[in-house]
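J.:
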Amino acid sequence: MSIRSQLKLRPRADQRPAAPVAAKMVARGVRVSYGAKPALKGIDLDIQENRVLALIGPSGCGKSTFLRCLNRMNDTIEGCRVEGRITLDGEDVYGRTIDPVQLRARVGMVFQKPNPFPKSIYDNVAYGPRIHGLASGRDELDEVVQTSLKRAGLWAEVRERLREPGTSLSGGQQQRLCIARAIAVSPEVILMDEPCSALDPIATAHIEELIDELRANYTIVIVTHNMQQAARVSQRTAFFHLGEMVECDDTEEIFTNPRDERTQGYITGRYG
Ligand SMILES: Nc1ncnc2c1ncn2[C@@H]1O[C@H](COP(=O)(O)OP(=O)(O)OP(=O)(O)O)[C@@H](O)[C@H]1O
Ligand SMILES: [Mg+2]
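Numbering-wise (the working numbering), the sequence shown opens with residue 166 and increments by one.
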C-alpha cells in the first residue's frame with residue numbers, strides 16, 4: 166500500500182504556493198542544551214507566513230524544545246541554554262531590546278493539555294488584553310472577547326455562560342477557550358504543542374478545521390504525533406530526529422516522496 170493511501174491523503178493542489186511565501190520566522194543554527202545534555206544540534210528552519218508548519222518526529226527528538234525557542238519559553242527553564250539566531254520579521258527575538266512578555270503576545274502558545282485559568286470564561290479571554298492594555302474600556306473588551314471566541318469557534322456554545330468558570334467546559338471546549346485566549350492579544354504566530362492529544366475525534370476535527378481557518382490571519386506551528394493530522398492541517402512539514410531537523414518540505418512531498426530514509430521510516434510507522 167502506498168504512503169498516500171495509508172495516510173488517506175487527498176490531493177490538495179491548493180497547498181502548493183504558486184509564488185514563494187515570505188518567512189515570518191527564521192531559525193539558523195539553533196542549538197539547545199539542558200545542562201550538559203544537548204537537545205537540539207543546530208536547527209535551520211524557515212516558518213512561512215500564513216501557513217501551517219507541522220513538526221513531527223519520535224518522542225524526545227526536540228520538537229517541544231524547538232517550539233519553546235520561538236517565543237523564549239525556554240528562558241523559564243533552569244539550565245536550558247539556547248544558541249543560534251531566531252528572527253521574527255527579521256528582528257532577533259533574543260535581542261537585547263526584546264521584552265519576552267511582549268514577544269509572547271506576538272508569538273502565542275497553546276499547550277497539549279487545555280489549561281484554562283481558574284477564572285470565568287470571559288476573564289480567561291480578557292486576561293491578555295487587560296494586562297497588555299489592548300482594550301480601552303468595557304465595551305472594547307467585550308468586543309475583543311466576543312471576536313476571539315467567535316474566531317475560536319466557541320462563541321455559540323458559551324455566549325450565555327460567560328461568567329461560568331472556564332473549567333466547567335468540556336475538554337475540547339477548554340482547548341478552544343485556550344485558543345481564544347491566545348488569539349485575544351492579536352498574536353502574529355501561534356505555536357501549538359500537540360493541541361489535540363487530550364481530545365476525542367470530534368473535538369479534534371473541530372480544532373483541525375479551526376486551524377485551517379486561522380491560517381488566513383496567523384502563522385501556525387503545530388507539533389503532532391498524528392501523521393494524518395499533519396497531512397490534513399499543514400502545508401509544510403519538518404521531520405525532527407535526535408535533535409536534528411532532517412528535512413522540511415511541502416507536506417505532500419514529505420508524505421509521498423521523503424528524501425531521507427529516516428523520514429520514510431518514521432512516517433510509515435517503522436519506528437517512533
Ligand atoms: N526541562 C527539561 N529539562 C531537562 N531536559 C529536558 C527538558 N525538556 C526536554 N528535555 C530533554 O530534551 C530532549 C528533547 O525533549 P523535547 O521535550 O523537546 O522532545 P519532544 O520531541 O517534544 O518529545 P515528545 O514527542 O515526547 O513531546 C529530550 O532528551 C528531553 O529529555
Ligand atoms: Mg513534546
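Ideal Cβ positions, reconstructed from N, Cα and C, are used throughout, including at glycine.
Could you say if the segment 231–238 and the segment 191–202 meet the contact criterion of at least three C-beta pairs nearer than 8 Å?
T.: With the cut-off at 8 Å, the segment 231–238 and the segment 191–202 touch.
J.: Could you check whether the Cβ of residue 278 sits closer than 6 Å to any heavy atom belonging to ligand 4?
T.: Of the ligands this structure carries, namely ligand 1 and ligand 2, none is ligand 4.
J.: Between which two residues does the alpha helix (DSSP H) harbouring residue 217 extend?
T.: That residue, residue 217, is in no alpha helix (DSSP H); its beta strand (DSSP E) goes 217–221.
J.: Confirm the yes/no value for this check: CB of residue 229, any heavy atom of ligand 2, distance under 6 Å.
T.: Yes - ligand 2 has a heavy atom lying nearer than 6 Å to the Cβ of residue 229.
J.: Note down, in chain order, each residue of its chain lying with its Cβ closer than 7 Å to the Cβ of residue 236, except the 5 sequence neighbours on either side.
T.: The answer, listed in chain order, is 268, 269, 272, 274, 356.
J.: Do the segment 345–359 and the segment 285–296 make contact, defined as three or more Cβ pairs closer than 8 Å?
T.: Flag = yes, the segment 345–359 and the segment 285–296 touch.
J.: What are the complete alpha helix (DSSP H) segments, minimum 4 residues, inside the segment 236–288?
T.: Runs of the alpha helix (DSSP H) inside the segment 236–288: 265–271.
J.: Out of 227, 210, 200, which has the shortest C-alpha to C-alpha gap to residue 242?
T.: Answer by Cα proximity: 200.
J.: Return no unless some Cβ of chain C is closer than 7 Å to the Cβ of residue 198.
T.: Given the protein chain composition of this structure (a single chain), no chain C is represented.
J.: Could you tell me if residue 131 is buried or exposed, where buried requires 16 or more neighbouring beta carbons within 10 angstroms of its beta carbon?
T.: Residue 131 is absent from the model: the chain starts at 166 and stops at 437.
J.: Would you say the beta carbon of residue 249 is closer than 6 Å to some non-hydrogen atom of ligand 1?
T.: Answer for residue 249: no, Cβ out of range of ligand 1.
J.: For residue 211, name the three-state secondary structure that DSSP assigns.
T.: Residue state, collapsed to three classes: strand.
J.: Tell me the DSSP secondary structure of residue 326 in three-state form.
T.: Three-state DSSP puts residue 326 in coil, outside helix and strand.
J.: Give the straight-line distance between the Cα atoms of residue 373 and residue 313, rounded to the nearest whole angstrom.
T.: Going by the C-alpha atoms only, they are around 17 Å apart.
J.: Given residue 178, which residues of its chain have a CB within under 8 Å of its CB, disregarding the five upstream and five downstream residues?
T.: Reliability fails at residue 178, whose pLDDT of 49 lies under 50, so the model's placement of it is uncertain and no value is given.
J.: Mind the definition here: the segment 302–318 touches the segment 332–339 only if three or more C-beta pairs lie below 8 Å; say whether that holds.
T.: Taking 8 Å as the limit for Cβ pairs, the verdict is that the segment 332–339 does not touch the segment 302–318.
J.: Verify whether the separation of the beta carbon atoms of residue 331 and residue 281 is less than 7 Å.
T.: The answer is yes: Cβ separation under 7 Å.
J.: If you run the structure through DSSP and keep just helix, strand and coil, what is residue 396?
T.: Looking at residue 396 - three-state DSSP - the assignment turns out to be helix.
J.: Between residue 216 and residue 394, which are expected to be in contact by the criterion C-beta below 8 Å, what is the C-beta distance as a whole number of angstroms?
T.: Not really, about 16 Å apart at Cβ, beyond 8 Å.
J.: Report yes if the C-beta of residue 431 is less than 6 Å from at least one heavy atom of ligand 1; otherwise report no.
T.: No, ligand 1 has no heavy atom inside 6 Å of this Cβ.
J.: Ignore the nearest five residues each way along the sequence and tell me which others in residue 284's own chain have a CB closer than 6 Å to its CB.
T.: Within the same chain, residue 284 has no close Cβ partners at all.
J.: Hey, residue 409 and residue 202: beta-carbon distance below 7 Å or not?
T.: Going by C-beta atoms, residue 409 is not nearer than 7 Å to residue 202.
J.: With residue 398 and residue 358 assumed to form a contact (beta carbons below 8 Å), what rounded beta-carbon distance in angstroms separates them?
T.: The Cβ separation is near 14 Å, so there is no contact.
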